[in-house]
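Contents: one structure, followed by commentary.
Chains as they are written, first to last, in my numbering: chain A, 1 to 322; chain B, 1001 to 1322.
Quick look at the structure:
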């Protein structure tokens, strides 16, 4: 891990063009005449970012969604995608992946512009997404002391869905660490919408575009609410006070995991959320999307959690680090 | 291989935006107001596109060079790069890679704008390069019957350098298939400039910008002259007649491999060249770079080779297919 941080610090020293935003943001922001380009590159590695048994269609969906999610936080509209695809010798997987990619590109109205295919031993799927922004492009670094800290939607559904996929299903009569094959296995009942939230996430493009002119800072929370709140606070030179009890949970999430402190810590660290985290002066103007205030930006450093029982120690893992 | 072609055909059906150029070009070409964006994404996989024993600095150089090479063929100027990097747990390799990346970015004046780092088991390095073109952007598909077929520079030096790296060195007293470690091993004498051509290729940015207004079709030949000539001919709906004896070879290449038919077939199929292949009406206007006519575009299909001894059968491998 020390090597990883050192490497990223080294890249930060290299990436000294203002458009790189010090590599402290999810995107690069490049002014080209009348339009502002918003550029992001995210990769998925099998066994790290998706399960070998995930349906290939949902991996393709996720590859686009994880990149779109970076654009949403900038209020940008996607212009097109370039894809890097590995061929490891499984034509059926690749064909199903292409089907899923087409569905996802059509669903989100993103043209596929190019890319490359390479032979490899490990599945490693890369995408660069190019977006354009007509107005201001929020960064992570603009939060001001006293701003409210908000999220869109509900938190934790995809994480709970992934956890269900990893569990043995009732009635199978055996315990296994392997994820069930969602292509051929029997369908889950309770938690189906959580599994869908994991396999078919919906980046909040419209919400991002509506929020961009309103917020002081914004980012997506695909790595987990707590770790991303920490990143936003760090980039803004502030601390975030977060009320765990205020974190919005869906009925489906609560039916599977409850809403006690442990469930809330799970929801806020599991990652794979595709909601937006932002700071703004409260009260907000009327918005076309549900948002919930979960905390306040204060002077200091890091994040501080509390709930109705008082202070909550930070869990050892705040989310995904990849 | 059948699965690979089927997959790429499937992607072509999906990539139906005009900017994608049917995935038949090396780049996507996107008009955004006053500027034309030229976008490319190329990846390098260890064991496929570079040797595990290659110096990390030269891998970084090559990652940028292979992407720059796609821009050169469009007469474009680089605007910035996004990089996808794998961390497989070798901090010293990553640090040397970052040094080489900085050298290469500085040498070619390309800002690093962003990207991502992922944990993985296999080294797989991806880059998206964004360029801009002020004038017309040549494609592979514009060649006309009767056009001359030309190359810049000399062909085959990097391929010969790679071959030298793979050979046992004189005086080592053993035969091995493993490439020598170019970081710590004794330096080669004969062929040093061929090894440099492999490890520090120089994409022809200035030549590409000078040629773009002159050519009817242009592409880089990083996969090998013959396979790329076949691609240009196919995209243009023509055949290419190529005189092997006309293919320009450097003095360094000839000193190591000679210039007989076998050497010329090696040079034209080895790949890793960073020269440009283009078609244009002959005679050409004065140009600031050395170019050599190697053939003629004619009606028909595929490529046809000849030399002073008559027709030359096509070799089974025309170049890299990845």
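Ideal Cβ placement from N, Cα and C applies to all residues, glycine included. Values in this document were obtained by computation on a predicted structure and should not be read as measured data.
Going by DSSP, residue 1250 of chain B is part of no alpha helix (DSSP H) at all; its letter is neither H nor E. In this structure, residue 1239 of chain B and residue 1304 of chain B form a Cβ contact; the two beta carbons are roughly 6 Å apart against a cut-off of 8 Å. Taken in chain order, the complete alpha helix (DSSP H) segments of 4 or more residues contained in the segment 27-95 of chain A are 56-72.
With contacts defined by Cβ atoms closer than 8 Å, residue 214 of chain A and residue 155 of chain A do not form a contacting pair.
The contact set of residue 1095 of chain B on chain A, defined by CB atoms closer than 9 Å, consists of 3, 6, 7 and 10 in chain order. Following the DSSP letters along the chain, one finds residue 1196 of chain B inside the alpha helix (DSSP H) bounded by residues 1192-1199. Residue 165 of chain A and residue 250 of chain A have their alpha carbons spaced roughly 18 Å apart. Neighbours of residue 116 of chain A across chain B, judged by C-beta separation under 7 Å: 1041, 1042 and 1043.
In this structure, B:1209 is the residue among B:1261, B:1029, B:1209 and B:1136 with its C-alpha nearest to the C-alpha of residue 1152 of chain B. With a cut-off of 8 Å on Cβ pairs, the segment 1109-1119 of chain B is in contact with the segment 23-31 of chain A, counting three or more such pairs. For residue 1128 of chain B, the chain A residues whose Cβ falls inside 7 Å of its Cβ are 41, 82 and 128, in order along the chain.
By the rule that beta-carbons nearer than 8 Å mark a contact, residue 1111 of chain B touches chain A. Contact of residue 15 of chain A with chain B by beta-carbon distance below 8 Å involves 1111, 1112, 1113 and 1114. Under DSSP, the beta-bridge partners assigned to residue 1119 of chain B are B:1087.
In the displayed model, residue 1223 of chain B falls within coil according to three-state DSSP, outside both helix and strand.
When DSSP states are grouped into helix, strand and coil, residue 1155 of chain B belongs to the coil group.
In the same chain as residue 293 of chain A, and ignoring 5 residues on each side of it, the C-beta atoms closer than 8 Å to its own belong to 148, 149, 150, 246 and 282, in chain order.
Bounds of the beta strand (DSSP E) holding residue 1293 of chain B are 1291-1298. No Cβ-Cβ contact shorter than 8 Å links residue 1236 of chain B with residue 1104 of chain B. Cβ-Cβ distances below 6 Å link residue 1227 of chain B to 1318 and 1319 in the same chain, with the five nearest sequence neighbours on each side left out; the list follows chain order. For residue 240 of chain A, the enclosing beta strand (DSSP E) covers residues 239-243. Interface with chain A (8 Å Cβ-Cβ cutoff): residue 1231 of chain B is excluded. Closer than 8 Å to the CB of residue 35 of chain A there is at least one CB belonging to chain B. Note that the C-beta distance between residue 1285 of chain B and residue 1212 of chain B is not below 8 Å. Straight-line spacing of the CA atoms in residue 125 of chain A and residue 1310 of chain B works out to 46 Å. Restricting attention to B:1262, B:1290 and B:1279, the CA atom closest to the CA of residue 1233 of chain B is found in B:1279. Residue 1050 of chain B is positioned such that its CB atom lies no closer than 8 Å to that of residue 1038 of chain B.
Three or more pairs of CB atoms, one per stretch, sit closer than 8 Å, so the segment 1127-1136 of chain B contacts the segment 1074-1081 of chain B. By the C-beta density criterion, residue 1005 of chain B is exposed, having fewer than 16 other C-beta atoms within 10 angstroms. Neighbours of residue 1124 of chain B in chain A, taken as residues at a C-beta separation under 9 Å, are given in chain order as 43, 45, 84, 86, 118, 120, 122, 124 and 126.
Taking 8 Å as the cut-off, the beta carbon of residue 1117 of chain B is found closer than this to the beta carbon of residue 1087 of chain B. What residue 32 of chain A touches in chain B, judged by beta-carbon distance under 7 Å, is 1032 and 1035, going in chain order. Shown here, residue 1128 of chain B sits in a strand according to DSSP, grouped into three states. Think of a sphere of 7 Å around the beta carbon of residue 105 of chain A: the chain B residues whose beta carbon falls inside it are 1014, in chain order.
Excluding sequence positions up to five before and after residue 145 of chain A, its CB lies within less than 8 Å of the CB of 238, 297, 298 and 299, all in the same chain and listed in chain order. About 5 Å separates the beta carbon of residue 63 of chain A from that of residue 44 of chain A, a gap short enough to meet the 8 Å contact definition.
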